Amino acid sequence: MEKRFLTIGRILLPLLAVAGLSGCSNVEPWVKPYERDKLADPIMALEGDPVSTSYIQHVFEAREGARGGEGAVGGGCGCN
Amino acid sequence: MIRRFFIIALSILACGVAHAGVLPDDRADALYHFYDGGGVVIDGPSVLVRKKVGTSFSVVGNYYVDMISSASIDVVTQASPYEEERTQWSLGVDYLRGNTTMRAGYTTSEESDFDAETVSFSVSQDMFGDLTTLTLSYALGDDLVRRSDDPTFEEPLDRQVYGVGVTQILTKNLISSLNVETVTEEGFLNNPYRSVRYFDPNAASGYSYEPEVYPNTRTSNAVGLRMRYFLPYRAAVEGEYRFFTDTWDIEAHTGAISYIHPWRNFTFTGKFRYHTQTGAHFFKDLFPRSMATNFRGRDKELSPLTSYTVKFQAAWEFLSDDGTATWGFIKRGKVTASANFLHVDYDEFTDLTAQQPIGSEPLYQLDANIFQIYVSLFY
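So the protein lines, in turn, are chains S and U.
Residue numbering for the first sequence is 24 to 103, as defined by our numbering.
Residue numbering for the second sequence is 11 to 389, as defined by our numbering.
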């Protein structure tokens, strides 16, 4: 399983790097700014309350053997 | 000793990158948390304040306390109930330049037998017309493990966390985030107080205890995917999945589904979360003899287990930013109450308090009630 995860990582990371390098290119946004009213609704915020989310993640970290991958350091507009 | 605290610091600090091209909102949160489960009661405050400085910087600080009263299954069977307190301070700063946000953070945590310091860095970039946010992050933790009953005991624990996150707007109604995280740890990873039990025909109970011995390294990988969809009416549904694997042979799947429904000035949220994991390769509820293996552990969190969590949350926005009313410089305010009910079924960790003959002890189960209430002010 570890090997499979590393394989996924080897595929994913170059894709992310390419995406990063192409950030300056002119990709036409397929969702226009004026079409994002629903996404801007507070109910669509992936994380609106960092203090609360951090606390409950802390509880699960303590009660289970798994950790991470929930955006704690991933960030993005998920703000997990 | 409360381990694995560092994520709480990182997640608070990482929230500064809410959107790489925009600094996070100025806000203040005051939260009270309460956990009661398995003989352990933990409560305390968490206070967060975030403020922009000029147009390019935002500073965030967090103060967090755990007040612990523990008579857990481990404590009841191997030691005496205890009380202690953990205090944590975090400070972070965001720097916005164009579509890029750079962020640095520092966290320190102290308790009677465990000190921890973490520094973290991240950079986020908006791209593709702000449809995509890519975040790269790194954190370095430096912990010190001690024993309250042995002033000479002092062991280091180092940790590095690497993260890559992508948040992607997929359609007018759908947003997603993908996060990959690798954690490497080296040092004293076990609890210095906990013991394993082994079969001992000379003991009246049939077993005796000896200290745990863990490997001194652990590397874990986790990948998590979240998707939130705006329904045809004003409500949202979210699905989450995380896959986790580590060098201790723990493999975990975690899934959750949430429903968010606003009504007048209220927002209600319901969530169901499911988690299942295999156990660490050195976990055993009962070892066949003393020093049976090189590494030995009986931490119930390292046992194969399945957990279920149901969450109910209600938020009341008592001050809206629609311009009808203001409280001085405060534009918006809300109060939120949430309850999480956690149930854990352990597949190999047994309940020794049942006083059953060796080998026929029932499997342990844990129920925990977790409450939060907090006030958030935006200014």
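A virtual CB, placed ideally from N, CA and C, is assigned to each residue, including glycine.
This one's a predicted model, so the numbers in the text were calculated from it and none came from an experiment.
| Query | Result |
| --- | --- |
| Gln287/U vs Glu261/U beta-carbon contact at 8 Å | yes |
| Element boundaries [alpha helix (DSSP H), containing Tyr92/U] | First-last for Tyr92/U: Tyr92 to Arg107, but that is the beta strand (DSSP E), not the alpha helix (DSSP H). |
| Contact under 8 Å by Cβ, Gly307/U with Glu222/U | yes |
| Status (buried if at least 16 other CB within 10 Å, exposed otherwise) for Thr142/U | buried |
| Whole-angstrom C-beta distance between Ser186/U and Gly175/U, which should lie under 8 Å | Not confirmed; about 11 Å, so no contact. |
| Residue-chain proximity (Gly108/U, chain S), Cβ-Cβ < 8 Å | no |
| Contact under 8 Å by Cβ, Glu121/U with Arg96/U | yes |
| is_contact[Gly46/S, chain U] using C-beta, thresh 8 Å | The predicted model places Gly46/S with a pLDDT of 49, which falls under 50 and marks its position as unreliable, so this point remains unresolved. |
| CB contact check: Tyr78/S to chain U, cutoff 8 Å | yes |
| Three-state secondary structure (DSSP) of Arg86/S | helix |
| Anticipated Cβ contact below 8 Å, Asp357/U with Pro298/U, distance rounded | With 8 Å as the limit, Asp357/U and Pro298/U do not qualify as a contact, their Cβ atoms being about 19 Å apart. |
| Unbroken beta strand (DSSP E) run spanning Gln287/U, endpoints | Phe276 to Gln287 |
| Chain U contact for Ala89/S (CB, 8 Å cutoff) | yes |
| Asp159/U beta carbon near the ligand MG (any heavy atom closer than 7 Å) | Here there are no bound small molecules, and the ligand MG is not part of this structure. |
| Chain S contacts made by the region 265-286 of chain U, where a contact means CB separation under 7 Å | Ile270, Pro272, Thr277 and His285 |
| Through-space distance from Phe44/U to Ser370/U, alpha-carbon basis | 34 Å |
| Identity of the residue in Thr255/U, Arg244/U and Ala245/U nearest Val190/U by Cα | Thr255/U |
| Given Leu199/U as reference, the closest of Leu167/U, Met137/U and Leu329/U once Cα atoms are compared | Leu167/U |
| Neighbour flag for His353/U against chain S, beta carbons, 8 Å | no |
| Partners in chain S for Asn350/U, counting only beta-carbon separations shorter than 9 Å | Ile79 and Val82 |
| CB contact check: Ser80/U to chain S, cutoff 8 Å | no |
| Three or more C-beta pairs below 8 Å linking the region 34-43 of chain U and the region 60-71 of chain U | yes |
| Short CB-CB distance (under 8 Å) between Gly102/U and chain S | no |
| For Pro161/U, the three-state DSSP class (helix, strand or coil) | strand |
| Three-state secondary structure assigned by DSSP to Asp153/U | strand |
| N-terminal and C-terminal residue of the beta strand (DSSP E) that Gln375/U is part of | Leu373 to Phe388 |
| Inter-residue Cα distance where the pair is Thr128/U and Pro56/S | 38 Å |
| Contact under 8 Å by Cβ, Lys281/U with Ser300/U | no |
| Bounding residues of the beta strand (DSSP E) (the contiguous stretch that carries Val320/U) | Leu315 to Leu329 |
| 8 Å Cβ cutoff met for Glu87/S and Glu311/U | yes |
| Partner residues on chain S for Leu312/U, Cβ-Cβ distance less than 7 Å | Gly88 |
| With 16 other Cβ atoms within 10 Å as the buried cut-off, status of Phe124/U | buried |
| Euclidean distance between Cα positions of Thr334/U and Lys61/S | 23 Å |
| Any C-beta of chain U under 8 Å from that of Glu93/S | yes |
| Bridge partner(s) assigned by DSSP for Thr346/U | Ala325/U and Tyr384/U |
| Limits of the unbroken alpha helix (DSSP H) element including Thr87/U | Ile83 to Gln88 |
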